[in-house]
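Going by the numbering used here, the letters in the sequence shown line up with residues 4 to 596, in that order.
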Amino acid sequence: MGSTLLLKFRICFISPQLTSTARFLCTRDIKPNLEGRQIDRKNSGQTRIANRTIRHGTEDVNTKKSSMLLQTSFPKSVFAAGTAKRTAELMKRKAPAVFEEEEQHQEEQKRMTGKYQPPERPLLPAEWKDLKESQENRERFEIQMMNTLFTCGSELNIAKSLLTFVAMEKGTLSYELLLRYLTLCVKGGHDDEVFDIYKIMRGSFPSLDTGASSLFIKSFGRTARWREAVEILQEIKQVFTPSPRNYSDVIAAAVHHRDATTAWGLYDELIEKGLSPHQETWDALFTGVKEGEREKEMGAMTESEQHERLLGVLVYMRNNQIYPQQNVANTIKSWFESLNGQKWTAAWSTATPKGVCRCCGSELESIQLSAEEYQELKDRVMTDVIQGRDVFNKTTPEELESFKAFVKRKPAFDVVIDGLNVANINKDKTKLSETLLAVVLELERQALNILVLGRKHMLRPSKSWDRHNMILIQQKAHCFFTENISEDDPFLLYATLHSGNHCRFVSRDLMRDHKACLPDGVTRRLFFKWQRGHQLVVAGYVAAGRRVNFLSIPCFDTIVQTTGNTWHVPYDDTGDRSTYEVPQRWLCLTKKH
């Protein structure tokens with residue numbers, strides 16, 4: 004359908020630059036812009052419980068404790084990519100009835116939304132009329148049918164015949180229907196048809212909504228008329244902030260058409276607005292153009308300027324703890340290998356449990372925070388999480404002060420246990436105290452100074468809370484029991500952070516709500532780094548008469564890092580990673596001398 008047919012009918016409107024990075028690339032030095040530092044794990048005194056720990060200015064060598072903890076640890080961390088999905092699949096196998104019911108509900112929803120069956124060929128107006136009259140809901144027939152054609156990936160000519168029928172029947176085509184048709188055209192790559200729709204909508208409506216503008220940007224950006232996508236982007240900025248997707252489509256178009264100045268100008272604008280670039284944006288920037296066209300493409304930018312800008316992208320990923328997807332990692336790999344006058348070798352790698360790259364043998368950065376980072380995090384957590392505006396919805400001023408005094412009186416703890424959380428690991432709720440006691444005994448074997456946080460109802464003898472078990476727990480560990488309405492996590496965080504950088508905590512709670520309370524991205528990333536290096540999670544279930552196992556705690560940080568002659572880039576090689584998990588595979592880049 005060309006634009007001529009649509010123009011015969013009245014159309015009714017229904018709804019309306021990064022700083023220089025060349026001198027700051029070694030992330031093992033203390034550089035503020037990289038938040039990195041040189042790590043000497045042998046002398047840092049900030050390694051696992053098992054190694055040297057510094058508490059109150061004195062050194063405590065716990066080699067025996069360390070080996071015991073390592074022997075009872077599983078290789079995978081709770082933060083390893085895919086852990087959440089594997090856990091969900093395990094739960095699904097253990098409770099199939101519940102999931103079968105959910106699947107039946109989803110199938111029912113599909114049947115309800117899929118009641119319109121798309122025709123297999125274009126229909127004549129009379130045939131469309133008969134089909135419409137056979138439906139119960141005729142009022143929005145054309146909208147629902149266009150949605151169905153889009154979902155089923157029907158041929159464009161079928162959608163055209165539907166528009167012809169609507170135009171002949173009503174003498175009008177609504178904005179909503181045209182928008183649905185536009186979506187179908189953009190998805191199908193029918194850019195010539197998009198040009199016709201653009202001309203019609205521009206001439207018929209005073210403005211375009213966000214959805215239409217974004218679709219036009221996407222379609223125009225992949226054609227020779229890509230500069231019109233830049234113009235549409237400028238129009239959007241007069242009303243609201245464009246989305247990262249809008250910027251990505253135009254940046255990719257500029258790179259493809261060898262306009263590096265426009266591409267990087269828009270990238271800088273995106274960053275300045277506080278938006279997070281899409282993976283496709285980085286893929287386009289690293290892909291650039293073919294080697295033989297590089298000088299021609301640069302225009303006002305030299306090759307060295309382009310080189311520095313791309314290294315700046317890697318620094319941005321590091322500072323924001325972002326992991327490229329595997330296709331982007333492939334593009335980064337190809338770019339390094341193509342650099343003129345530089346001999347970079349690239350390989351896919353993993354890290355050993357001790358944090359050493361299996362490919363080049365380099366030691367990865369430690370997961371432990373520096374003294375400055377730890378103090379900064381401690382101050383922010385105390386202010387924004389423990390003493391935040393809603394703190395007394397979680398406890399009372401008297402209880403909080405009582406707990407602070409309690410912690411101050413005790414020697415620094417080695418491990419803090421979320422008692423109620425740990426007790427509920429097993430399904431058998433008649434053995435809560437038995438489960439908690441087993442975990443306490445496991446840690447007590449390692450001569451650790453333990454704090455158990457619980458609630459007062461746990462002290463009342465019952466089937467779940469055996470009196471004898473609770474007495475043993477209080478003999479083996481320091482205990483503090485809050486009111487039953489209090490929230491445990493602020494107390495757990497306070498005790499752990501107050502005890503020092505060596506102290507760990509045991510809980511299955513991933514603390515996402517508390518992380519969200521922190522005021523900025525830098526502090527949230529510090530919290531996540533500290534959490535990954537300090538949280539112990541019981542592996543599986545606690546069985547009577549058997550040792551308790553813990554998921555392993557990594558000793559290295561999963562973050563983009565460089566020494567100048569090497570780059571290590573963790574990347575996503577799976578779609579199973581949750582937002583709080585980190586990748587397990589690395590791109591190793593080494594420069595030959």
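The beta-carbon is built from N, C-alpha and C at its ideal position, and this holds for glycine as well.
Simplified DSSP assignment, three categories, for residue i
i: D133; result: helix
i: W351; result: strand
i: Y326; result: coil
i: R507; result: strand
i: C363; result: coil
i: D523; result: coil
i: Q538; result: strand
i: T566; result: coil
i: L314; result: helix
i: V425; result: helix
i: G156; result: coil
i: L127; result: coil
i: R31; result: Any answer about R31 is weak, because its pLDDT of 44 lies below 50 and its placement is not dependable; what the coordinates show is given next. Correct three-state label for R31: coil.
i: A83; result: strand
i: S369; result: strand
i: R580; result: coil
i: F559; result: strand
i: R141; result: coil
i: R515; result: helix
i: E62; result: With a pLDDT of 37 at E62, under the threshold of 50, the modelled position of that residue is not reliable, and no figure is offered here.
i: R588; result: strand
i: Y119; result: coil
i: K268; result: Checking the displayed sequence, the identity of residue 268 turns out to be Gly instead of Lys. Looking at G268 - three-state DSSP - the assignment turns out to be helix.
i: L278; result: coil
i: F102; result: Because the pLDDT at F102 is just 49, under 50, the model does not fix this residue reliably, and the point stays unresolved.
i: R261; result: coil
i: M301; result: Unreliable placement is indicated for M301, whose pLDDT of 46 sits below 50; the coordinate value is still reported in the next sentence. Helix.
Proximity winner among the options, relative to residue i (alpha-carbon distances)
i: T526; options: N323, D579 and I239; result: N323
i: T399; options: N333, S341 and P493; result: P493
i: S251; options: W267, V410 and T348; result: W267
i: K459; options: K532, D212 and L423; result: L423
i: K430; options: M514, A480 and A546; result: A546
i: E375; options: S489, W533, Q564 and R124; result: W533
i: G156; options: E130, L180 and P122; result: P122
i: L566; options: P586, M514, Q237 and S365; result: The residue asked about is misnamed: residue 566 is Thr in this sequence, not Leu. That would be S365, whose Cα lies nearest to the Cα of T566.
i: I220; options: L211, E231, A227 and D212; result: E231
i: R361; options: P125, E130, R124 and Q587; result: Q587
i: C363; options: Y119, L475, L134 and C591; result: C591
i: F198; options: G214, S210, K173 and A227; result: A227
i: N150; options: E139, A162, L521 and V316; result: A162
i: E179; options: M204, E368, K413 and G358; result: M204
i: H259; options: T284, P356 and D133; result: T284
i: L372; options: D560, Y319 and L444; result: D560
i: N343; options: H310, F243 and K240; result: H310
CB contact flag (residue i, residue j, <7 Å)
i: V425; j: V540; result: no
i: V328; j: D575; result: For the sequence presented, residue 328 should be read as Gln rather than Val. In this structure, D575 lies closer than 7 Å to Q328 by Cβ.
i: T265; j: A255; result: no
i: E495; j: V419; result: In the sequence under discussion, the amino acid at residue 495 is Leu, which differs from the Glu named in the question. Yes; because the gap between Cβ atoms is below 7 Å, this pair is in contact.
i: M473; j: S502; result: no
i: K276; j: K595; result: no
i: D491; j: D421; result: yes
i: V388; j: H517; result: yes
i: G457; j: F416; result: no
i: Y326; j: P573; result: yes
i: S216; j: I235; result: yes
i: A498; j: L440; result: no
i: V331; j: D271; result: no
i: T334; j: F289; result: yes
i: F168; j: W131; result: yes
i: K381; j: L500; result: yes
i: R321; j: V585; result: no
i: L218; j: I200; result: no
Paired residues, beta bridge with residue i - DSSP
i: K594; result: W347
i: D575; result: Q328
i: R528; result: Paired residues: none, contrary to the question.
i: I239; result: In DSSP, I239 forms no bridge with anything.
i: F409; result: BP columns for F409 are empty, so no partner.
i: I420; result: V455 and V509
Short CB-CB distance (under 7 Å) between residue i and chain D
i: S341; result: Protein chain content of the structure displayed is limited to a single chain, and chain D is not contained in it.
Which runs of the beta strand (DSSP E) spanning at least 3 residues fall entirely within the segment 438-498, listed in chain order? 453-458 and 481-485
At 4 residues or longer, what runs of the alpha helix (DSSP H) sit wholly inside the segment 184-236? 194-207 and 213-224
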